[in-house]
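A.B. asks: Using full-length UniProt numbering, you'd call the opening residue of the sequence shown number 1 and step up by one each time.
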Amino acid sequence: MFKPLGLFSTIQCPQRKTCHRRPCPFSHEDPILTQHRASSSTVPATSSTPTKDRVVQKNSSPIPTPDRERLVNRKASPIPATDTPNVIPAKRHVDPLRGAEDERPRKFKAVAAPVASTSTYGTVTPRKTIPVSVPVPISEATTGPPVLAINAANSRIPMKDRQVMVSRLWEEFTKLYALIRPGPAPELAREHALKQEADVYDKTNKMTYRNAIITTIAVLKKRIAPTTSSHPSVGTEAQVAARLREQQSISALLVTANDLELAVLSKEDMLKWEYVVDAPEGPGGDRVADEGLTKTCERCGTEFAVHGEGFDSAECKFHWARPRMQKVPGGKKEKFYACCQSSDSREGCQLGAHVFRELSTEDLHARHPFTPTAPFAADKGKGTMLDVVALDCEMIYTTQGMSCARVTVVDAGGNEVLDELVRLDEGVKPLDYNTRFSGIRSLQNAVLDLEGVRAALSHIIGPETIIIGHALENDLKTMRMLHYRVVDTAVVFPHHHGAPIRHALRELVKVHLGQLIQTAGAEGHSSAEDATAALNLVKFWVKREREKKTAGLSTSTAPAVVVKKSEDVEMNASNASGINGTVS
């Protein structure tokens, strides 16, 4: 062993009261006693060789043996004379994470450069930087399967097994959410994998845990792949089940006319949303069809001669969807058609027949007259009349413009009470069945014409009946029906930009009910599905209004729904084409 040099004997031990080192290289004497001893001794002012115990190294780590010998052999500077030689050395900083000073970590990156230590007894040039280990917080990985952050001692199932199952759940959720664009699919997959595993763990034991996870994965494989984060297929099994129960409770809700009085449109609101409230002058119905006349195609803008044999032709090239504004590189926005993602409005993506549509009330009245809802007949009474119904129509292009081709009515319980194809008026021929949106391919099985359908409706819809629908002014126009007790879901759930902008029915259903409708693509829509969807939206609103009353809050129409800019919106028929013809 080397002889101790006592280089730290004049420095107070930083752990003097709690020090357990035996022996300790630092001083454990009381500072006052040390100061008194120093004052009782004299220090030669001209001494050129300081004593060993007066050499002070102000550093945060002990000096290794090779450095000690270099320090001893180094010639120190003379100690200047002073009246107060009893200077107490400053306490060293001790890293609380390191503990004892006699063991230094190695091969760590230095975090700071030392400053030369200066004392009354002399100046010592600092040695090479002594690195200090700095703890780095562990960050959660942003890719790959999530890691369970659970104390293994508190888990009744081995953590290794649980982690394997979390990884398998994560893989399945990742596959399920692969079509969500753009969206937080990776985060959703991780979040739902952890939540699903926790749900299964809470309901199982060591014997049933693994089989329960495997069953859950099998159920996930059967789900419909979502395209948005608000899709009904997004979520854990518990979340999807809760959503289904909510949907069932809304569907089972019975609404009455009293529940809907607040949502019935006033005459001013009907005019604002372009409902027809007064029939034009004249008997109407004097201009049935325009076969042989020249019209402007609603799809491509080309002038064409109307003829009834062109509904299966391919003379019109058009985009069947509206353009939407999308960001492009550079921060700019451009219009892109949702049907083909093209920005060129001149080159369509689909072939079809030239078609036209008339929007003015006078033109519609000339084709087929507007008539009010029939009053209660004395022989019919009120026995068959319904207080609340939901109605939707499908339309096709004909030689008289756009004509009603199907009418569906459901009662307040969601039961279908009328569903009829509409036979075209005499002399009217189809131009295009508009199948992508109407779902109609032929009217060969139609029995009733529009007058016959209106007569059938008179048995279930009276002047006091509340009719529910989405963009209902279009349905009433195509049926030439004047009715003043209407609840329009486009108004009950308004767009934040206000009229005439409104949300598409499918977006409202997805946001508020967590359901998907109009998913048949080119096969088209169903008036029965749309009527039921509008009814359920109103039931959702009624349920919320009842809850507000219970809580003592004021009731009102629903607040404006804010949806992503990429989602569909609709405009009134007079401001945008295809509300019920090319887009809905």
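Note that beta-carbon positions come from the ideal geometry of N, C-alpha and C, so glycine has one too.
Using CA atoms only, rank isn't needed, just tell me which of 456, 242 and 450 is closest to residue 384.
C.D. replies: Position 384 of the sequence shown, counting from 1, holds the residue named residue 384. Ranking 456, 242 and 450 by Cα distance to residue 384 puts 456 first.
A.B. asks: If you run the structure through DSSP and keep just helix, strand and coil, what is residue 201?
C.D. replies: As a first step, residue 201 must be located in the sequence shown, where it is residue number 201. The answer is helix: DSSP assigns residue 201 an H, G or I state.
A.B. asks: Are there 16 or more other CB atoms within 10 angstroms of the CB of residue 481, so buried, or fewer, so exposed?
C.D. replies: Working through the sequence shown from its first residue, we reach residue 481 at position 481. That one is buried.
A.B. asks: Does the beta-carbon of residue 325 have 16 or more other beta-carbons within 10 angstroms, so that it is buried, or is it exposed?
C.D. replies: To locate residue 325, count along the sequence shown from 1; it is residue 325. So residue 325 ends up on the exposed side.
A.B. asks: Report the rounded CA-to-CA distance for residue 439 versus residue 394, giving the unit in angstroms.
C.D. replies: On the sequence shown, position 439 is the one that residue 439 refers to. On the sequence shown, position 394 is the one that residue 394 refers to. Their Cα atoms are separated by approximately 8 angstroms.
A.B. asks: Tell me the start and end of each unbroken alpha helix (DSSP H) in the segment 227 to 286 that is at least 4 residues and wholly inside, in chain order.
C.D. replies: Counting only runs of 4 or more, we get 237 to 252, 257 to 260 and 267 to 272.
A.B. asks: Rounded to whole angstroms, how far is the Cβ of residue 489 from the Cβ of residue 534, which I believe are closer than 8 angstroms?
C.D. replies: The count along the sequence shown starts at 1 and reaches residue 489 at position 489. The count along the sequence shown starts at 1 and reaches residue 534 at position 534. Rounded, the Cβ-Cβ distance is 5 angstroms, consistent with contact.
A.B. asks: Under DSSP, the alpha helix (DSSP H) around residue 384 begins and ends at which residues?
C.D. replies: The sequence position of residue 384 within the sequence shown is 384, counting from 1. Looking at the DSSP string, residue 384 is not in any alpha helix (DSSP H), and its letter there is neither H nor E.
A.B. asks: Which value, in whole angstroms, describes the spacing of the CA atoms of residue 15 and residue 23?
C.D. replies: Locating residue 15 in the sequence shown gives position 15, counting from the first residue. Locating residue 23 in the sequence shown gives position 23, counting from the first residue. Near 13 angstroms, if we compare the C-alpha coordinates of residue 23 and residue 15.
A.B. asks: Which first and last residues belong to the alpha helix (DSSP H) in which residue 304 is found?
C.D. replies: Your numbering for residue 304 matches position 304 in the sequence shown. No alpha helix (DSSP H) contains residue 304, which is instead part of the beta strand (DSSP E) from 303 to 305.
A.B. asks: Where does residue 397 fall in DSSP's three states?
C.D. replies: As a working note, residue 397 is residue 397 in the sequence shown. Note: residue 397 maps to strand in three-state DSSP.
A.B. asks: Would you call residue 402 buried or exposed, if buried means 16 or more other Cβ atoms sit within 10 Å of its Cβ?
C.D. replies: Position 402 of the sequence shown holds residue 402. That one is buried.
A.B. asks: Do residue 191 and residue 169 have their CB atoms nearer than 7 angstroms?
C.D. replies: Translated into positions along the sequence shown, residue 191 becomes position 191. Translated into positions along the sequence shown, residue 169 becomes position 169. Cβ distance not < 7 angstroms, so residue 191 and residue 169 don't count as in contact.
A.B. asks: Would you be able to state if there are at least three C-beta pairs under 8 angstroms between the segment 466 to 486 and the segment 359 to 369?
C.D. replies: Cβ pair count under 8 angstroms is three or more, so yes.
A.B. asks: Are the Cβ atoms of residue 199 and residue 238 separated by less than 7 angstroms?
C.D. replies: Your numbering for residue 199 matches position 199 in the sequence shown. Your numbering for residue 238 matches position 238 in the sequence shown. For residue 199 and residue 238, yes; Cβs fall inside 7 angstroms.
A.B. asks: Can you tell me which of 431, 391, 323 and 400 puts its alpha carbon nearest to the alpha carbon of residue 406?
C.D. replies: The residue given as residue 406 occupies position 406 in the sequence shown. Here the closest residue by C-alpha is 391.
A.B. asks: May I ask you to report which of helix, strand or coil DSSP gives residue 392?
C.D. replies: The residue given as residue 392 occupies position 392 in the sequence shown. Reduced to three states, the DSSP call for residue 392 is strand.
A.B. asks: Nearest by alpha-carbon distance to residue 297: which of 356, 422 and 260 is it?
C.D. replies: Numbered from its first residue, the sequence shown carries residue 297 at position 297. The candidate whose alpha carbon is nearest that of residue 297 is 356.
A.B. asks: Is it right to say residue 202 is buried, meaning 16 or more other beta carbons lie within 10 angstroms of its own, or is it exposed?
C.D. replies: Here residue 202 refers to the residue found at position 202 of the sequence shown. Classification for residue 202: exposed.
A.B. asks: Among 412, 404 and 374, which has the Cα closest to the Cα of residue 386?
C.D. replies: In the sequence shown, the residue the question calls residue 386 occupies position 386. With distances taken between Cα atoms, residue 386 lies closest to 412.
A.B. asks: Are the segment 508 to 515 and the segment 224 to 234 in contact at 8 angstroms, needing three or more beta carbon pairs?
C.D. replies: These segments touch.
A.B. asks: In the DSSP output, which residue or residues are listed as bridge partners for residue 297?
C.D. replies: Locating residue 297 in the sequence shown gives position 297, where the first residue counts as 1. Its beta-bridge partners do not exist; DSSP assigns none.
A.B. asks: Are the CB atoms of residue 492 and residue 541 within a distance shorter than 7 angstroms?
C.D. replies: Walking along the sequence shown from the start, residue 541 turns up at place 541. Walking along the sequence shown from the start, residue 492 turns up at place 492. Result yes, Cβ atoms of residue 541 and residue 492 sit closer than 7 angstroms.
A.B. asks: Candidates 248, 436 and 153: which alpha carbon is nearest residue 543's?
C.D. replies: Translated into the one-based positions of the sequence shown, residue 543 becomes position 543. Checked all of 248, 436 and 153; the closest Cα to residue 543 is 248.
A.B. asks: Identify, in the order they occur along the chain, each residue of the same chain with its Cβ nearer than 6 angstroms to the Cβ of residue 454, setting aside the five sequence neighbours on each side.
C.D. replies: Taking the first residue of the sequence shown as 1, we reach residue 454 at position 454. None.
A.B. asks: Per the DSSP calculation, residue 352 is bridged to which residue(s)?
C.D. replies: Along the sequence shown, one-based indexing puts residue 352 at 352. Answer by DSSP bridge pairing, in chain order: 316.
A.B. asks: With H, G and I counted as helix, E and B as strand and the rest as coil, what does DSSP make of residue 165?
C.D. replies: For the purposes of this step, residue 165 is taken as the residue at position 165 of the sequence shown. In the structure shown, residue 165 sits in a helix (DSSP, three-state: H, G or I).
A.B. asks: Within its chain, find whatever has a CB closer than 7 angstroms to the CB of residue 283; leave out the 5 residues flanking it on each side and keep chain order.
C.D. replies: The sequence position of residue 283 within the sequence shown is 283, counting from 1. Cβ neighbours of residue 283 beyond the five flanking positions: 369.
A.B. asks: Cβ atoms of residue 226 and residue 180: under 7 angstroms apart, would you say?
C.D. replies: Here residue 180 refers to the residue found at position 180 of the sequence shown. Here residue 226 refers to the residue found at position 226 of the sequence shown. Yes, Cβ-Cβ distance for residue 180 and residue 226 is below 7 angstroms.
A.B. asks: Roughly how many angstroms separate the alpha carbons of residue 160 and residue 441, rounded to a whole number?
C.D. replies: Locating residue 160 in the sequence shown gives position 160, where the first residue counts as 1. Locating residue 441 in the sequence shown gives position 441, where the first residue counts as 1. Cα-Cα distance, rounded: 58 angstroms.
A.B. asks: Assuming contact is defined by CB atoms lying nearer than 7 angstroms, are residue 499 and residue 267 in contact in what I supplied?
C.D. replies: Along the sequence shown, one-based indexing puts residue 499 at 499. Along the sequence shown, one-based indexing puts residue 267 at 267. Not a contact, by the Cβ cut-off of 7 angstroms.
A.B. asks: Is residue 418 closer than 7 angstroms to residue 409 when the C-beta atoms are compared?
C.D. replies: Here residue 409 refers to the residue found at position 409 of the sequence shown. Here residue 418 refers to the residue found at position 418 of the sequence shown. Going by C-beta atoms, residue 409 is nearer than 7 angstroms to residue 418.
A.B. asks: CB-CB under 7 angstroms to residue 515, same chain, minus the five flanking residues each way: which ones, in chain order?
C.D. replies: As a first step, residue 515 is located in the sequence shown; it is residue number 515 there, counting from the start. Answer for residue 515: 232, 247 and 509, listed in chain order.
A.B. asks: Going by other Cβ atoms of all chains shown within 10 Å of its Cβ, with 16 needed for buried, is residue 73 buried or exposed?
C.D. replies: To locate residue 73, count along the sequence shown from 1; it is residue 73. Any reading at residue 73 must be qualified, since the residue scores a pLDDT of 49, below 50, and its modelled position is unreliable; the value itself is stated next. Exposed is the call here.
A.B. asks: Does residue 22 have its Cβ less than 7 angstroms from a Cβ in chain B?
C.D. replies: Absence of chain B from the displayed structure is noted, only one protein chain being present.
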